[in-house]
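Protein chains in written order, with numbering that gives the first Met the number 0: chain A, 0 to 288; chain B, 0 to 239.
Built from N, CA and C at the ideal position, the CB exists for glycine as well.
Computed from a prediction, not measured in an experiment: that's the story for all the values here.
Only one structure is covered here, and it is reproduced in the block below.
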Amino acid sequence: MAELWQTLIYYFQFPLVQYALIVSLLIALCSSLLGVTLVLKRFSFIGDGLSHVAFGAMAVSASLHTVITIENDMILVLPITVLSAIFLLRTSQNAKIKGDALIAMISVGALAIGYLLMNLFSNSANISGDVCTTLFGATSILTLTISEVWLCAIMALLVIIIFILFYHKIFAVTFDENFATATGVNANAYNLLIAIITALIIVLAMNLVGSLLISALIIFPSLSAMRIFKSFQSVIICSSIISVICAGMGIILSILYSTPAGATIVVADIAVFLLFSLVSCFMTKRAHA
Amino acid sequence: MAMQLQCKNLVLGYEKNIILQDLNFTVSNGDYLFILGENGSGKSTLMKALLGLNAQISGEINFCGDTNKNQIGYLPQQTITQKDFPASVREIVQSGCMNRCGLRPFYNKQEKQLALDMMEKLEITHLAKRCYRELSGGQQQRVLLARALCSARKMLLLDEPVTALDAKATHEMYELIANLNKKDNMTIIMISHDIQASVKYASHILHIGGKQLFYGSKIDYMNSKVGQAYFSSSGGDIYG
Chain A
0 MAELWQTLIY YFQFPLVQYA LIVSLLIALC SSLLGVTLVL KRFSFIGDGL SHVAFGAMAV
60 SASLHTVITI ENDMILVLPI TVLSAIFLLR TSQNAKIKGD ALIAMISVGA LAIGYLLMNL
120 FSNSANISGD VCTTLFGATS ILTLTISEVW LCAIMALLVI IIFILFYHKI FAVTFDENFA
180 TATGVNANAY NLLIAIITAL IIVLAMNLVG SLLISALIIF PSLSAMRIFK SFQSVIICSS
240 IISVICAGMG IILSILYSTP AGATIVVADI AVFLLFSLVS CFMTKRAHA
Chain B
0 MAMQLQCKNL VLGYEKNIIL QDLNFTVSNG DYLFILGENG SGKSTLMKAL LGLNAQISGE
60 INFCGDTNKN QIGYLPQQTI TQKDFPASVR EIVQSGCMNR CGLRPFYNKQ EKQLALDMME
120 KLEITHLAKR CYRELSGGQQ QRVLLARALC SARKMLLLDE PVTALDAKAT HEMYELIANL
180 NKKDNMTIIM ISHDIQASVK YASHILHIGG KQLFYGSKID YMNSKVGQAY FSSSGGDIYG
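The structure is reproduced here in structure tokens:
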């Protein structure tokens with residue numbers, strides 16, 4: 000144990016490791032805040048779809064590197080993802096192609112196009128390595144620059160402030176959109192806001208867990224919290240605590256045992272979910288006994 | 000009595016499909032209007048139009064006097080989302096005050112007090128911290144009614160409020176609404192296919208089925224052909 004502790008202290012002397020921890024905690028916090036709303040609105044899959052869009056956009060950006068130099072992939076990835084989020088939400092209400100089919104279509108479409116572009120235009124020697132990194136995050140969390148950390152911190156702060164300011168409105172729109180609209184709350188505007196924040200978080204989280212595992216970060220903490228807690232506020236608070244703890248644990252474990260960071264965090268989230276499910280089982284049995 | 004709502008030559012539907020046409024009726028302060036009709040007669044479409052959720056194809060919906068469209072309370076039918084929604088009773092009732100907030104992010108003291116008062120009125124104060132999804136059907140309807148009262152100042156719209164309730168809860172619900180109508184002078188518009196209840200509680204009746212079949216006072220309805228035909232088809236004594 001003491002030996003592990005020593006190793007940990009040794010690793011945390013490196014700024015890169017510190018950055019990784021800060022960024023992952025911030026992202027975990029943001030994604031769990033929004034996760035509750037998305038799960039309750041039956042939008043769990045929008046996160047998944049958008050993350051694949053972000054992957055496609057990343058591939059487009061990477062293949063453009065051969066033609067022009069782009070300072071930061073975010074310049075392209077962020078707007079594309081935000082636009083897709085708006086598009087998905089707008090059309091999912093009354094389109095000819097139903098919501099879930101549309102999401103599935105866009106998500107696999109973006110994945111295929113992204114992979115194709117990467118193969119055609121990438122000048123990297125290790126294409127499958129690149130693809131793997133984008134999909135599963137792999138080591139990119141440990142190669143963050145200080146400017147990326149600042150970007151992440153500012154975005155995270157923005158998301159948290161927006162969430163707190165609009166907390167009651169987000170609750171009203173999530174619980175009963177028709178009632179909110181009928182009593183004069185502009186539900187469409189808040190749906191749009193939710194979509195944009197979701198897109199922001201997904202783009203942020205790509206570095207951490209990669210685009211395939213982002214949904215897990217959004218869904219698992221809120222599902223775990225919903226097993227046990229019974230008011231909206233307590234679910235939100237609990238899910239953000241779960242998410243932050245799991246992200247911290249995941250990062251530390253991945254450093255100690257050199258496992259992939261994203262996958263380790265998600266496994267920690269799954270473990271907590273199973274634990275909470277078990278506890279809620281006992282609680283209901285007790286209530287009935 | 001002051002007129003609150005007026006519909007003129009109203010035609011409703013989706014895109015080019017007309018569901019409901021030739022609607023002409025008015026609702027005045029303190030009225031208790033039952034909107035009757037079979038399934039698929041356009042009741043919900045009419046409700047959505049009154050609430051401003053769907054636009055009408057043609058005609059007018061006018062809120063008059065001091066009644067503003069955003070000041071009506073609405074008791075919707077339950078959605079699937081709400082069945083497993085983790086929310087406390089207090090959180091839900093408070094969310095009815097949302098239209099009083101405008102852009103202000105948090106509820107002020109008066110709004111919190113209003114929510115408490117409405118819970119008191121509907122006798123659900125002891126449930127305030129309970130989880131909504133664990134309540135009985137009757138209790139859930141009371142919670143949603145309390146929320147509607149938080150947003151309502153003059154008028155309540157209710158969409159089949161007793162559908163999922165047992166006989167006792169149904170009776171309680173109707174009495175509760177009748178009380179709001181009489182004591183608080185709240186205007187009530189209720190969608191229903193419960194003709195017995197309409198005969199007992201309504202002041203006016205609007206019977207629809209693709210178009211307006213009847214609009215007028217309850218007494219006139221009971222003596223009309225439409226009323227008697229509908230009543231005998233649902234099996235019962237109109238003067239019971």
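Residue i, enclosing alpha helix (DSSP H) - first and last residue
{"i": "residue 25 of chain B", "result": "Where residue 25 of chain B is concerned, there is no enclosing alpha helix (DSSP H), although the beta strand (DSSP E) it sits in stretches over 16 to 27."}
{"i": "residue 222 of chain B", "result": "217 to 222"}
{"i": "residue 219 of chain A", "result": "213 to 227"}
{"i": "residue 182 of chain B", "result": "166 to 182"}
{"i": "residue 62 of chain A", "result": "43 to 63"}
{"i": "residue 140 of chain A", "result": "No alpha helix (DSSP H) contains residue 140 of chain A, which DSSP labels as neither H nor E."}
Where residue i sits in the DSSP three-state scheme
{"i": "residue 206 of chain B", "result": "strand"}
{"i": "residue 6 of chain A", "result": "helix"}
{"i": "residue 238 of chain B", "result": "Because residue 238 of chain B sits at a pLDDT of 48, beneath the cut-off of 50, its placement in the model cannot be relied upon, and the point is left open."}
{"i": "residue 32 of chain B", "result": "strand"}
{"i": "residue 187 of chain A", "result": "helix"}
{"i": "residue 200 of chain A", "result": "helix"}
{"i": "residue 230 of chain A", "result": "coil"}
{"i": "residue 207 of chain A", "result": "helix"}
{"i": "residue 127 of chain A", "result": "helix"}
{"i": "residue 200 of chain B", "result": "helix"}
{"i": "residue 116 of chain B", "result": "helix"}
{"i": "residue 5 of chain B", "result": "strand"}
{"i": "residue 257 of chain A", "result": "coil"}
{"i": "residue 22 of chain A", "result": "helix"}
{"i": "residue 161 of chain B", "result": "coil"}
Within 8 Å, strictly: CB atoms of residue i and residue j
{"i": "residue 54 of chain A", "j": "residue 109 of chain A", "result": "yes"}
{"i": "residue 186 of chain B", "j": "residue 5 of chain B", "result": "no"}
{"i": "residue 198 of chain A", "j": "residue 49 of chain A", "result": "yes"}
{"i": "residue 140 of chain B", "j": "residue 179 of chain B", "result": "no"}
{"i": "residue 73 of chain B", "j": "residue 102 of chain B", "result": "no"}
{"i": "residue 330 of chain A", "j": "residue 151 of chain A", "result": "Outside the displayed range of chain A (0 to 288) lies residue 330 of chain A, so it cannot be described from this structure."}
{"i": "residue 175 of chain B", "j": "residue 121 of chain B", "result": "yes"}
{"i": "residue 157 of chain B", "j": "residue 71 of chain B", "result": "no"}
{"i": "residue 194 of chain A", "j": "residue 85 of chain A", "result": "yes"}
{"i": "residue 19 of chain B", "j": "residue 209 of chain B", "result": "yes"}
{"i": "residue 261 of chain A", "j": "residue 222 of chain A", "result": "no"}
{"i": "residue 181 of chain B", "j": "residue 198 of chain B", "result": "no"}
{"i": "residue 28 of chain A", "j": "residue 239 of chain A", "result": "yes"}
{"i": "residue 222 of chain B", "j": "residue 29 of chain B", "result": "no"}
{"i": "residue 273 of chain A", "j": "residue 7 of chain A", "result": "no"}
Rounded C-alpha distance that separates residue i from residue j
{"i": "residue 35 of chain A", "j": "residue 220 of chain A", "result": "8 Å"}
{"i": "residue 157 of chain A", "j": "residue 82 of chain B", "result": "32 Å"}
{"i": "residue 201 of chain B", "j": "residue 7 of chain B", "result": "22 Å"}
{"i": "residue 115 of chain A", "j": "residue 126 of chain A", "result": "11 Å"}
{"i": "residue 24 of chain B", "j": "residue 212 of chain B", "result": "12 Å"}
{"i": "residue 99 of chain A", "j": "residue 175 of chain A", "result": "20 Å"}
{"i": "residue 225 of chain A", "j": "residue 212 of chain A", "result": "21 Å"}
{"i": "residue 217 of chain A", "j": "residue 31 of chain A", "result": "5 Å"}
{"i": "residue 85 of chain B", "j": "residue 167 of chain A", "result": "14 Å"}
{"i": "residue 113 of chain A", "j": "residue 77 of chain A", "result": "15 Å"}
{"i": "residue 26 of chain A", "j": "residue 102 of chain A", "result": "23 Å"}
{"i": "residue 134 of chain A", "j": "residue 263 of chain A", "result": "15 Å"}
{"i": "residue 136 of chain B", "j": "residue 118 of chain A", "result": "57 Å"}
{"i": "residue 268 of chain A", "j": "residue 283 of chain A", "result": "22 Å"}
{"i": "residue 17 of chain B", "j": "residue 159 of chain A", "result": "46 Å"}
{"i": "residue 234 of chain A", "j": "residue 244 of chain A", "result": "15 Å"}
{"i": "residue 237 of chain B", "j": "residue 189 of chain B", "result": "Unreliable placement is indicated for residue 237 of chain B, whose pLDDT of 48 sits below 50; no coordinate value is reported for it."}
{"i": "residue 191 of chain A", "j": "residue 200 of chain A", "result": "14 Å"}
{"i": "residue 83 of chain A", "j": "residue 52 of chain A", "result": "8 Å"}
{"i": "residue 92 of chain B", "j": "residue 118 of chain B", "result": "8 Å"}
{"i": "residue 153 of chain A", "j": "residue 73 of chain A", "result": "14 Å"}
{"i": "residue 228 of chain A", "j": "residue 237 of chain A", "result": "8 Å"}
{"i": "residue 58 of chain B", "j": "residue 56 of chain A", "result": "47 Å"}
Integer Cβ distance of residue i from residue j, believed to fall under 8 Å
{"i": "residue 171 of chain A", "j": "residue 97 of chain B", "result": "5 Å"}
{"i": "residue 95 of chain B", "j": "residue 147 of chain B", "result": "6 Å"}
{"i": "residue 130 of chain B", "j": "residue 87 of chain B", "result": "6 Å"}
{"i": "residue 75 of chain B", "j": "residue 231 of chain A", "result": "No, residue 75 of chain B and residue 231 of chain A are not in contact; Cβ-Cβ is about 19 Å, not under 8 Å."}
{"i": "residue 192 of chain B", "j": "residue 9 of chain B", "result": "Not a contact, Cβ separation roughly 21 Å."}
{"i": "residue 15 of chain A", "j": "residue 141 of chain A", "result": "6 Å"}
{"i": "residue 32 of chain B", "j": "residue 205 of chain B", "result": "6 Å"}
Segment limits, beta strand (DSSP E) that includes residue i
{"i": "residue 186 of chain B", "result": "186 to 191"}
{"i": "residue 57 of chain B", "result": "57 to 62"}
{"i": "residue 40 of chain A", "result": "Element bounds for residue 40 of chain A: n/a, residue is neither H nor E."}
{"i": "residue 123 of chain B", "result": "That residue, residue 123 of chain B, is in no beta strand (DSSP E); it is neither H nor E in DSSP."}
heavy atom of the ligand NAP below 7 Å from residue i C-beta
{"i": "residue 63 of chain A", "result": "Among the components of this structure there are no ligands whatsoever, and the ligand NAP is therefore not found."}
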